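In the UniProt record's numbering, the protein residues as written are 1 to 296.
Ideal placement from N, C-alpha and C gives every residue a C-beta, glycine not left out.
Since the model is a prediction, treat every value here as computed from it, not as a measurement.
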């Protein structure tokens, strides 16, 4: 069994308190019986592969009622898995990896999500899960032979494939947490070697989240300190055209997991627990705009 998946299962078993109506016992039994290791891939893609294995472990023993339960965005569990498959497939297509599901028509993630969800509604939830995992594994194997600087595209955003894959890992992590919360299961955090590069991506995205929110960060610099295992310090120039940071205008200190989830669209920026020092107006703009790229 893959070390990441073993960590995932062990952490789920640490808490002896099982809420009434929890699906945790069934999910654990299924995960033990049908667990699959993460597909072999490049080191820089392992955070994504680990989150795919964790989500698959969570899905391993879902039954009919579980699959029809609304998780997030008004989507059932089956529709949520279809959404993950849709966005993974668009990244896969951009780098020449196999894509399952209906032929790709519209290439924006929301339209592709609608197409894949419509396709999967006529199939069993287990088929949806199987093809999502098979496509993700095929992508991981394909990435093993690609340089991390290979260009990829999603929703008109051209970036190196390593960043797109980290973003896919973050979204898979967030949606696994959405499903686990509905099932009454406490999830462990990713291991440090997976969490730190994810946090690094989130810090580097701040200039883009500000731009996307219509805020001008040109000439300003933020010092981010993320605490906890996998955290660190980042000096981020907030202007898209800036190549080097200047003296920091503001210092934001926050928990690394909470910060990643804020970028992933979970949490209210207005109530985000952080220590702020320096230009407080700029700090509020940075936090308010942080979820701007998260999407559904």
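Quiz prompt | the segment 184 to 196 in contact with the segment 228 to 235 per 3-pair CB rule at 8 Å | solution = yes
Quiz item: When the Cα atoms are used, what is the spatial distance from residue 64 to residue 129?
Solution: 13 Å
Quiz item: residue 221: which of 234, 213 and 214 sits nearest, CA to CA?
Solution: 234
Practice problem: For the segment 225 to 281, list the beta strand (DSSP E) runs that are entirely contained and at least 3 residues long, ordered along the chain. | Solution: 232 to 237, 250 to 255 and 275 to 278
Quiz item: For residue 45, which residues of its own chain have a beta-carbon under 7 Å away from its beta-carbon, when the five flanking residues on both sides are left out?
Solution: 140, 143 and 165
Quiz item: Do you know whose CA, among 281, 263, 285 and 259, lies nearest residue 274's CA?
Solution: 259
Quiz item: Do the segment 101 to 121 and the segment 55 to 71 touch if we need at least three Cβ pairs shorter than 8 Å?
Solution: no
Quiz prompt | Through-space distance from residue 253 to residue 276, alpha-carbon basis | solution = Approximately 7 Å between the Cα atoms of the pair.
Quiz item: The alpha helix (DSSP H) spanning residue 167 covers which residue range?
Solution: 161 to 183
Self-check item: Spatial distance of residue 182 from residue 176 (CA atoms)
Solution: Pairing residue 182 with residue 176, the inter-Cα distance amounts to about 10 Å.
Quiz item: Beta-carbon separation of residue 38 and residue 49 under 8 Å?
Solution: yes
Quiz item: Apart from the five residues just before and just after residue 292, which ones in its own chain have a Cβ nearer than 6 Å to its Cβ?
Solution: 209, 212 and 213
Quiz item: Got a sec, what are the start and stop residues for the alpha helix (DSSP H) residue 154 sits in?
Solution: Premise fails: residue 154 lies in the beta strand (DSSP E), 151 to 154, not in any alpha helix (DSSP H).
Quiz item: Between the Cα of residue 289 and the Cα atoms of 150, 153 and 205, which residue gives the shortest distance?
Solution: 205
Exercise. Could you tell me which residues DSSP pairs with residue 223 in its beta bridges?
Key: 235 and 251
Exercise. Using three-state DSSP, classify residue 70 as helix, strand or coil.
Key: Judged by DSSP in its simplified three-state form, residue 70 adopts strand.
Quiz item: Going straight from the alpha carbon of residue 169 to that of residue 278, what length do you get?
Solution: 32 Å
Quiz item: What three-state label does DSSP hand residue 24 in the structure shown?
Solution: Caution is warranted here: a pLDDT of 48 is assigned to residue 24, below 50, making its placement in the model unreliable, and the coordinate value is therefore given only provisionally. It is helical.
Exercise. Select from 263, 91, 103 and 55 the residue whose C-alpha is nearest the C-alpha of residue 78.
Key: 55
Self-check item: C-alpha distance - residue 134 paired with residue 282, whole-angstrom precision
Solution: 44 Å
Quiz item: What number of angstroms, rounded off, separates the C-alpha of residue 199 from the C-alpha of residue 84?
Solution: 20 Å
Practice problem: With DSSP as the reference, please indicate the residues paired to residue 157 in a beta bridge. | Solution: 154
Exercise. Using three-state DSSP, classify residue 209 as helix, strand or coil.
Key: Correct three-state label for residue 209: helix.
Quiz item: Leaving out the 5 sequence neighbours to the left and right, which residues in its chain are closer than 6 Å to residue 100 when beta-carbon positions are compared?
Solution: 131 and 135
Exercise. For residue 52, count neighbouring C-beta atoms within 10 Å of its own C-beta (all shown protein chains included) and say buried if the count is 16 or more, exposed if not.
Key: buried
Quiz item: Going by DSSP, which residues form a beta bridge with residue 75?
Solution: 72
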